[in-house]
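Here the structure is laid out as structure tokens; the discussion comes afterwards.
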Amino acid sequence: MMDASDDLKAMIEAAKAAGDGLERHFAKLSELTIRAKAGPADMVSIADEEAERTTRDILAKARPGYGFLGEEGGAQVGSDSAHQWIVDPLDGTTNFLFGCPLWGVNVALAREGRVVAGVTYVPVLNELYVAEKGKGCWLNGQQ
11 MMDASDDLKA MIEAAKAAGD GLERHFAKLS ELTIRAKAGP ADMVSIADEE
61 AERTTRDILA KARPGYGFLG EEGGAQVGSD SAHQWIVDPL DGTTNFLFGC
111 PLWGVNVALA REGRVVAGVT YVPVLNELYV AEKGKGCWLN GQQ
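All letters in the sequence shown, in the order written, are residues 11 to 153 by the working numbering.
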């Protein structure tokens, strides 16, 4: 099992919490409100927005000074200009909206503009992918 940094632990917590919320919406797709963003092929739902909010709240609690860049809400500059969370709260929105389980939550951490850690959580398949610069990568705790 990996020896995760505090940043990586926060990323895992955020991705899992967002994924759990998305799974609840996935079970009730017919009740989900969907709208177009930039065009008819670029969709967003309340599930995307809630997942981003959940992720942002958990990461901000862990590291209040870090910046945040989310697919749905855009960029927020933090007091710590060297660090920024980067989040795609629902990667695979089209799959999600059509009932295909191949979607997930992506969370990355950039330091000085370079990504140093990343987490992808695919809740329906119970897969957690984790990578941290200089430490390696894991799938469900296996390197």
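All residues carry an ideal CB built from backbone N, CA and C; glycine is no exception. All values reported here derive from a predicted model rather than from experimental measurement.
The alpha-carbon separation between A20 and S40 amounts to approximately 32 Å. Take A28, set aside five residues on each side of it, and the residues of its chain with a beta-carbon closer than 7 Å to its own are A61, T64, T65, P99, V115, in chain order.
Taking the C-beta atoms as reference points, F36 is found no nearer than 8 Å to F108. The DSSP assignment places complete alpha helix (DSSP H) segments of no fewer than 4 residues inside the region 50-122 at 56-72, 103-107, in order along the chain. Counting other Cβ atoms within 10 Å of its Cβ, A57 reaches 16 or more and is therefore classed as buried. Inclusion of L79 and I96 in the CB contact set at 8 Å is warranted, their separation being smaller than that value.
The residues R73, G75, Y76, G77, in chain order, have a CB closer than 8 Å to that of D90 in the same chain once the five nearest residues on each side in sequence are set aside. Taking 8 Å as the upper bound for CB-CB distance, V134 and A25 are not in contact here, some 14 Å apart. Leaving aside the five residues that flank G144 on each side, none in its chain has a CB nearer than 8 Å to its CB. Spatial neighbours of G146 in its own chain (CB-CB distance under 6 Å, excluding positions within 5 residues in sequence) are listed in chain order as Q153.
For the pair K71 and E82, the Cα-to-Cα distance works out to about 20 Å. The beta carbon of E23 lies closer than 6 Å to those of I68 in the same chain, with the five residues before and after it left out. Minimum Cα-Cα distance from R34 among the listed residues P111, D16, A14 corresponds to P111.
An exposed status is given to L149, since fewer than 16 other beta-carbon atoms sit within 10 Å of its beta-carbon.
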